[in-house]
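Protein sequence lines, in the order shown, are assigned to chains A and B.
Note that our numbering has the first sequence beginning at 1, numbered continuously upward.
Note that our numbering has the second sequence beginning at 1001, numbered continuously upward.
Read the structure below first, then the notes.
2 protein chains.
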Amino acid sequence: MQANPQSEPQSTEERILEAAVQEFMTKGYAGARTTAMAEAAGVTHAMLHYYFRTKDKLLDRIIESKIGTLRDIMLASLGDPTIPLFDKIKSTIENHQDFIAANPELPRFMINEVLNRPDRMPKVIERLKHHTPLVVQSLQRQIDEYADRGLCRRVDAGMLMLDIVSLNIFPFSAKPMVNALLGGMMENSQAFVEARKIENVETIMKKLQP
Amino acid sequence: MQANPQSEPQSTEERILEAAVQEFMTKGYAGARTTAMAEAAGVTHAMLHYYFRTKDKLLDRIIESKIGTLRDIMLASLGDPTIPLFDKIKSTIENHQDFIAANPELPRFMINEVLNRPDRMPKVIERLKHHTPLVVQSLQRQIDEYADRGLCRRVDAGMLMLDIVSLNIFPFSAKPMVNALLGGMMENSQAFVEARKIENVETIMKKLQP
DNA sequence: TTTTGCACTAACAATATTGTTAGTCATTAT
DNA sequence: ATAATGACTAACAATATTGTTAGTGCAAAA
């Protein structure tokens, strides 16, 4: 959808990969079927094993390709103390929201996998695990500075980050349910994303108001 | 954990049910193994089929038993226009948070199942689907009244509900990940729940401030 | 021309998983 | 005492699912 806008002529490997992303993200690891991936890609399921050896390694490849972007977008600017606090928060929310709208199933998938297969995720999580505390500390220092000058409330940086990701991620992770309950609120994806950006920025800014 | 605080002597059926809840909630439907349930309950897996016939019917039983509580706590007071707005929101957040802390895996499980097996969920969702719009409408009227009197901002009731459930549910659904990233923030569950209640009430109240 | 390597297929193997069934055992009703 | 009932077991059946392997065809290198 975002990788190859052209019509058809992808390599077999790419087509399998694309089908696998779809299958893994929507069904979860346990529910995903390698045969279904192969069928969707229009190849025999032996080809999947030929290129990726196992279901596990295939997933590794996919995770590897997604995780870098996620981290960059989540933490990139938040940890930079030279950017003004409010600008930083606003742009982080907006970028994060765009990324999630483009990869709506990724967070839910990751959350499930970390829970269901804690053994295999560490490699991926470890990378985030080291970086995050530094970002939180840096953000906390900046908040405290602003608070000292009476420019914002002295909120907990960890809680603030949790607020941001909760508000951004949940509606997309729970989309089918939210949509069913709130009368097709998310039907128009594009419009919803933009509305949510404004809403969430406002929610967080209000929270920071002294 | 909450059902039978006594030591051991439950019926076989109850032990299977309890093991099944655990297995379904943590692994998801596709990842859940009936043999694992039986083993955890200390019976042969034939017993599971003896009592519940199929994996599907077993899940039906479980969902049925959980869904009522979920709905009550989600919507109970929010739709009642006689309760003052701010009191209502505060108590809804607190009750909701308590329920989620007691059933931390339920929302994630429901969300996944609605996505993965849209065919089987309708019966359950339908019940919520009818009730929710009424609650949202009622809440919106009350917000508008308050706004007319300058007591709060004229926010969208649907968005507000989405904010509340996002802030309440997400941290628990993503617990292993959040905990890993935010340095064991959720290690002390009890304390975290209480801290989150305060935090979320404040976030929402600030959002409503004129 | 031969050989080498690569993408690929068809068939099979191994195992996991759900579900069934015939029959055992103990308790209770007749 | 006997029959009937319900909980239960062991073994099996059916199928789904992942993974393997031997071999085919083709294109490029030697």
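All C-beta atoms, glycine included, are put in the ideal place defined by N, C-alpha and C.
Is it the case that the Cβ atoms of residue i and residue j are separated by a distance below 9 Å?
{"i": "A38(A)", "j": "A46(A)", "result": "yes"}
{"i": "R108(A)", "j": "F192(A)", "result": "no"}
{"i": "R213(A)", "j": "H131(A)", "result": "As displayed, chain A neither begins before 1 nor continues past 210, which places residue 213(A) out of reach and without an answer."}
{"i": "V178(A)", "j": "P1176(B)", "result": "no"}
{"i": "V201(A)", "j": "K129(A)", "result": "no"}
{"i": "R153(A)", "j": "L208(A)", "result": "yes"}
{"i": "I164(A)", "j": "T69(A)", "result": "no"}
{"i": "N116(A)", "j": "A41(A)", "result": "no"}
{"i": "L167(A)", "j": "S1138(B)", "result": "no"}
{"i": "F170(A)", "j": "I1169(B)", "result": "yes"}
Using only the alpha-carbon positions, how far apart do residue i and residue j sit?
{"i": "D1156(B)", "j": "M161(A)", "result": "23 Å"}
{"i": "T44(A)", "j": "A1032(B)", "result": "28 Å"}
{"i": "R1196(B)", "j": "A174(A)", "result": "21 Å"}
{"i": "S77(A)", "j": "G1158(B)", "result": "31 Å"}
{"i": "K1027(B)", "j": "P1081(B)", "result": "40 Å"}
{"i": "L1017(B)", "j": "S1065(B)", "result": "11 Å"}
{"i": "A101(A)", "j": "Q1010(B)", "result": "47 Å"}
{"i": "D98(A)", "j": "S189(A)", "result": "11 Å"}
{"i": "A1180(B)", "j": "G79(A)", "result": "18 Å"}
{"i": "D144(A)", "j": "E187(A)", "result": "40 Å"}
{"i": "T1034(B)", "j": "L1134(B)", "result": "39 Å"}
{"i": "P1210(B)", "j": "G1150(B)", "result": "7 Å"}
{"i": "K1088(B)", "j": "L1106(B)", "result": "24 Å"}
{"i": "T1054(B)", "j": "A1020(B)", "result": "12 Å"}
{"i": "I204(A)", "j": "E194(A)", "result": "16 Å"}
{"i": "I63(A)", "j": "F1086(B)", "result": "43 Å"}
{"i": "N103(A)", "j": "L1058(B)", "result": "33 Å"}
{"i": "V136(A)", "j": "Y146(A)", "result": "15 Å"}
{"i": "L48(A)", "j": "E14(A)", "result": "11 Å"}
{"i": "I1125(B)", "j": "T1012(B)", "result": "30 Å"}
{"i": "M1185(B)", "j": "E23(A)", "result": "33 Å"}
{"i": "N112(A)", "j": "I1111(B)", "result": "11 Å"}
Tell me, please, whether the CB atom of residue i is closer than 9 Å to any CB atom in chain A?
{"i": "E1199(B)", "result": "yes"}
{"i": "L1167(B)", "result": "yes"}
{"i": "T1203(B)", "result": "yes"}
{"i": "I1125(B)", "result": "yes"}
{"i": "M1185(B)", "result": "yes"}
{"i": "R1108(B)", "result": "yes"}
{"i": "A1195(B)", "result": "yes"}
{"i": "D1156(B)", "result": "yes"}
Given that a residue counts as buried once 16 or more other Cβ atoms are within 10 Å of its Cβ, and exposed if not, what is residue i?
{"i": "E199(A)", "result": "buried"}
{"i": "Y50(A)", "result": "exposed"}
{"i": "D1148(B)", "result": "exposed"}
{"i": "Q142(A)", "result": "buried"}
{"i": "D1119(B)", "result": "exposed"}
{"i": "P84(A)", "result": "exposed"}
For residue i, which residues in chain A fall below 7 Å Cβ to Cβ?
{"i": "Q1209(B)", "result": "K206"}
{"i": "L1128(B)", "result": "L181"}
{"i": "P1176(B)", "result": "V114, L115 and P118"}
{"i": "F1192(B)", "result": "Simply none; closest approach about 10 Å."}
At a CB-CB cut-off below 8 Å, which residues of chain A make contact with residue i?
{"i": "T1026(B)", "result": "L115 and N116"}
{"i": "L1134(B)", "result": "The contacting residues do not exist; L1134(B) stays about 11 Å from chain A at best."}
{"i": "G1031(B)", "result": "G28, Y29, A30, G31 and N116"}
Anything in chain B within Cβ reach of residue i, meaning under 7 Å, just list it in chain order.
{"i": "S173(A)", "result": "I1111"}
{"i": "M159(A)", "result": "E1199"}
Check whether chain B comes within 9 Å of residue i, counting only Cβ atoms and requiring the distance to be less than that.
{"i": "K90(A)", "result": "no"}
{"i": "I143(A)", "result": "no"}
{"i": "D98(A)", "result": "no"}
Applying a beta-carbon distance threshold of less than 8 Å, which residues of chain B neighbour residue i?
{"i": "D163(A)", "result": "L1167, E1199 and T1203"}
{"i": "F52(A)", "result": "Ordered by position in chain B, no residue passes the 8 Å Cβ test against F52(A), which lies about 20 Å from the chain."}
Mind pulling the chain A residues with CB within less than 9 Å of residue i?
{"i": "F1086(B)", "result": "The premise fails here: F1086(B) is roughly 15 Å from chain A at the closest Cβ pair, so nothing lies under 9 Å."}
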